[in-house]
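*Asks:* The sequence shown begins at 195 in the working numbering and counts up by one.
Cβ coordinates follow ideal geometry from the N, Cα and C atoms, glycine included.
Given the structure is predicted, the values throughout are model-derived calculations rather than measurements.
I have a structure here, written as structure tokens, and I will follow up with some questions on it.
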Amino acid sequence: MNIHESAEDYLETILILRERLGTVRSIDIVREMDFSKPSVSVAMKRLRENGYIEVDGGGHITLLPPGERIAQRIYTRHRLLTQFLVRLGVDEKVAAADACKIEHDLSDETFEKIKEHALKNTL
195 MNIHESAEDY
205 LETILILRER
215 LGTVRSIDIV
225 REMDFSKPSV
235 SVAMKRLREN
245 GYIEVDGGGH
255 ITLLPPGERI
265 AQRIYTRHRL
275 LTQFLVRLGV
285 DEKVAAADAC
295 KIEHDLSDET
305 FEKIKEHALK
315 NTL
């Protein structure tokens with residue numbers, strides 16, 4: 195799965211907004227990410243062309259299966275890493291910001307070991 199970090203962030207944001215709002219439009223992404231409308235428009239076009247999302251006539255954005263898989267993967271990493279860092283004593287806002295930075299670059303092997311450690315130590 196070779197996808198840029200920014201595309202992962204957009205897909206994750208679509209997933210989060212869908213959970214929060216039920217439906218997602220580009221303007222929701224603009225507000226959530228604090229990006230310009232043209233930037234989001236270009237990103238949505240690329241995601242659509244690459245088969246990660248579809249946009250209906252009303253402008254509602256739907257994650258397609260490849261986009262859903264990537265969004266779930268990144269969001270799962272984000273949540274677990276944030277919780278892990280908070281348990282280490284990191285402030286919640288700092289932990290969330292740091293999780294955002296490392297969720298994309300962490301190898302699957304390292305993430306799985308962190309996950310195993312976190313699950314083992316919560317029981």
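List the whole-angstrom C-beta distance separating Asn268 from Glu226, where the pair is believed to meet the contact cut-off of C-beta under 8 Å.
*Replies:* Numbered from 1 along the sequence shown, position 74 holds the residue referred to as residue 268. Numbered from 1 along the sequence shown, position 32 holds the residue referred to as residue 226. The amino acid at residue 268 is misidentified as Asn; the sequence shows Ile. Not confirmed; about 15 Å, so no contact.
*Asks:* Using the C-alpha atoms, what's the distance from Ser301 back to Lys307?
*Replies:* Counted from its first residue, the sequence shown places residue 307 at position 113. Counted from its first residue, the sequence shown places residue 301 at position 107. Each residue's Cα considered, the two are about 10 Å apart.
*Asks:* The beta strand (DSSP E) spanning Val249 covers which residue range?
*Replies:* The residue labelled residue 249 in the question sits at position 55 within the sequence shown. Start and end: Ile247 to Val249.
*Asks:* Grouping DSSP H, G and I as helix and E and B as strand, with all else coil, what is Thr256?
*Replies:* Reading the sequence shown from its first residue, position 62 is the one you call residue 256. Thr256 falls in the strand class under three-state DSSP.
*Asks:* Could you give the first and the last residue of the continuous alpha helix (DSSP H) run that contains Leu211?
*Replies:* What you label residue 211 is simply residue 17 of the sequence shown in a count that begins at 1. It spans Glu199 to Leu215 - the alpha helix (DSSP H) in which Leu211 sits, taken as one unbroken run.
*Asks:* In whole angstroms, give me the CA-to-CA distance for Thr276 and Gly261.
*Replies:* Taking the sequence shown and counting its residues from 1, one reaches residue 276 at position 82. Taking the sequence shown and counting its residues from 1, one reaches residue 261 at position 67. Approximately 22 Å between the Cα atoms of the pair.
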